[in-house]
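Notes follow once the structure below has been shown.
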DNA sequence: CCCTCAAACTTTGCATTGTAGAGTGATCGG
DNA sequence: CCGATCACTCTACAATGCAAAGTTTGAGGG
């Protein structure tokens, strides 16, 4: 970390790991699971297995695996009909799941905002060489 | 409203995967690489290896690997100083890299907007059981 | 009443990928 | 002139996503 106890003048402490977005949770930051969570967000009553499969364009095994991960993280509840006509699985967000997912989305939004602010230069780039300095070769 | 009974006006008959966010590219949708790309976005002149390492809170090998992936995808350019006092590596976004990354961010924004629209229910959830139906047991 | 089909998951194996620690070769201080 | 340090690079391992095959249960036909 700050092994070199250099004075921190000139720049705020943001000089350290300004882009370490710790709020981006691995469990939720994943195409497939992101899909699932968003689908569930709009369905407070939950969704059935085949329904989710269709919505998110996932294979059976794939969906099963991702649901297991989400369940392990207590982001979703899984209910199975025992007395029903056929085996059915219903999935819905837990309360903490909903809260955590919304927090994740907020963090994502912050990241995007950061990026947008930082990217005003539309065509300011140099040709092909790094400016000024000579002796640079492409890798 | 039933998800299944959607009108077939606005979408092709396939009604494929409302939540299949195809625009989310695996290469960019990754905590570490996302950090790197955002850092580079704000530095059109590029960034040095140790600088990036600090900014994104990554280890040497980790950063090296992610840079290789990004370079493989032609999202970044890598320059090495040959005549310099010490070996230095400078990294900067390519033009297509910048464009693709901005497109990715736009897609992300769309996803978030979708989620936000779908998540109006603040406290409407049932206690612990799935509403109405009996015979459901937790998994 | 039995046989076959299909739906709804579950399990298993493979391939990809992220992570960290060891290794390499310059450069700089003493 | 010799170690220490910096700046990467390489390699091995562990985790994870993905898809194909297997299993169980209900429905339908002869």
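Residue numbers (this note's numbering), protein chains in the order written: chain A, 1 to 139; chain B, 140 to 278.
C-beta atoms are modelled at their ideal positions from N, C-alpha and C, and glycine is treated no differently.
Residue range of the unbroken beta strand (DSSP E) whose run includes residue i
{"i": "residue 78(A)", "result": "76-81"}
{"i": "residue 276(B)", "result": "275-277"}
{"i": "residue 204(B)", "result": "Per DSSP, residue 204(B) belongs to no beta strand (DSSP E); it is in the alpha helix (DSSP H), 199-211."}
Neighbouring residues, chain A, relative to residue i (Cβ below 8 Å)
{"i": "residue 226(B)", "result": "Within 8 Å Cβ-Cβ: nothing; residue 226(B) doesn't reach chain A, min ~11 Å."}
Whole-number beta carbon distance between residue j and residue i, since they are thought to touch under 8 Å
{"i": "residue 39(A)", "j": "residue 52(A)", "result": "6 Å"}
{"i": "residue 176(B)", "j": "residue 240(B)", "result": "5 Å"}
{"i": "residue 208(B)", "j": "residue 256(B)", "result": "Contact flag wrong, Cβ pair sits at about 33 Å."}
{"i": "residue 108(A)", "j": "residue 251(B)", "result": "6 Å"}
{"i": "residue 80(A)", "j": "residue 245(B)", "result": "That belief does not hold up - the Cβ atoms of residue 80(A) and residue 245(B) are roughly 40 Å apart, past 8 Å."}
{"i": "residue 233(B)", "j": "residue 214(B)", "result": "6 Å"}
{"i": "residue 180(B)", "j": "residue 115(A)", "result": "6 Å"}
According to DSSP, residues forming a beta bridge with residue i
{"i": "residue 47(A)", "result": "91(A)"}
First and last residue of the uninterrupted alpha helix (DSSP H) at residue i
{"i": "residue 163(B)", "result": "Premise fails: residue 163(B) is in no alpha helix (DSSP H) and is neither H nor E."}
{"i": "residue 39(A)", "result": "31-41"}
Amino acids of chain B, ordered along the chain, whose beta-carbon sits closer than 7 Å to that of residue i
{"i": "residue 112(A)", "result": "244, 247, 248"}
{"i": "residue 19(A)", "result": "174, 177, 178, 194, 195"}
{"i": "residue 82(A)", "result": "274, 276"}
{"i": "residue 166(A)", "result": "Beyond the ends of chain A as shown, which are 1 and 139, falls residue 166(A); an answer cannot be given."}
{"i": "residue 115(A)", "result": "177, 180, 244"}
Partners in chain A for residue i, counting only beta-carbon separations shorter than 9 Å
{"i": "residue 208(B)", "result": "Under the 9 Å cutoff, chain A gives no residues; its nearest Cβ is about 14 Å from residue 208(B)."}
Chain B contact residues for residue i, given Cβ-Cβ distances below 9 Å
{"i": "residue 78(A)", "result": "277, 278"}
Check: residue i C-beta below 7 Å from any heavy atom of the ligand GTP
{"i": "residue 191(B)", "result": "No copy of the ligand GTP occurs in the structure displayed, which carries no ligand at all."}
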